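Novice: Take any residue in the sequence shown, count from 1 to its spot, add 16: that is its number in this note's numbering. Have a look at the structure that comes next, please.
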Amino acid sequence: MHFKTIEDYINAATSHGFEIVDFTEARVRAEDMVSNVPFFSSVNGYPLHMVIKLRKPMSTNDSASLGSMNTLDFLPKKLNWPRTVTNNVENSLVMWIPTDVNTELIAASLQVYEKGISVDDLDIG
């Protein structure tokens, strides 16, 4: 399981020379609704997926390896969760905390975001 921000995807693509052609949010279409009303009515109006259309660079220093790389190869390794965490998500990532602690964590997260601190600023270890 990997957790990424939209900024991580954009930075990964542009830093490797890709051009962002289109960026859309996939939603329930009329033809989807007709095919399975009970299912699609439950998710109608909610964002389902993010679709980013990229144009591959004509040439790049990494061109020899571009064909053999997958999406995760482009993303910062600091954001990859270890297998021990992903195999036991309920005990590793889910934590029940008091409301006042939750409020404080949200405030701290917003301050970090507003100061422009990103994953590249993290010093893990």
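Every residue, glycine too, gets a C-beta built ideally from N, C-alpha and C. As the structure is a computational prediction, the values presented were derived from the model and not from experiment.
Excluding the 5 residues flanking H65 on each side, which residues of the same chain have their C-beta closer than 7 Å to its C-beta?
Specialist: Excluding sequence neighbours, H65 sits near A42.
Novice: Please state whether the Cβ-Cβ distance between V44 and N27 is less than 7 Å.
Specialist: Taking 7 Å as the Cβ cut-off, V44 and N27 do not qualify as a contacting pair.
Novice: By DSSP, does R99 sit in helix, in strand, or in coil?
Specialist: Three-state DSSP puts R99 in a helix.
Novice: What is the DSSP secondary structure of D38, counted as helix, strand or coil?
Specialist: Residue state, collapsed to three classes: strand.
Novice: Is the beta carbon of D38 closer than 7 Å to that of K69?
Specialist: Going by C-beta atoms, K69 is nearer than 7 Å to D38.
Novice: If you count every other CB in all the chains shown that lies within 10 Å of the CB of A124, and 16 or more means buried, which is it?
Specialist: Exposed: under 16 other Cβ atoms inside 10 Å.
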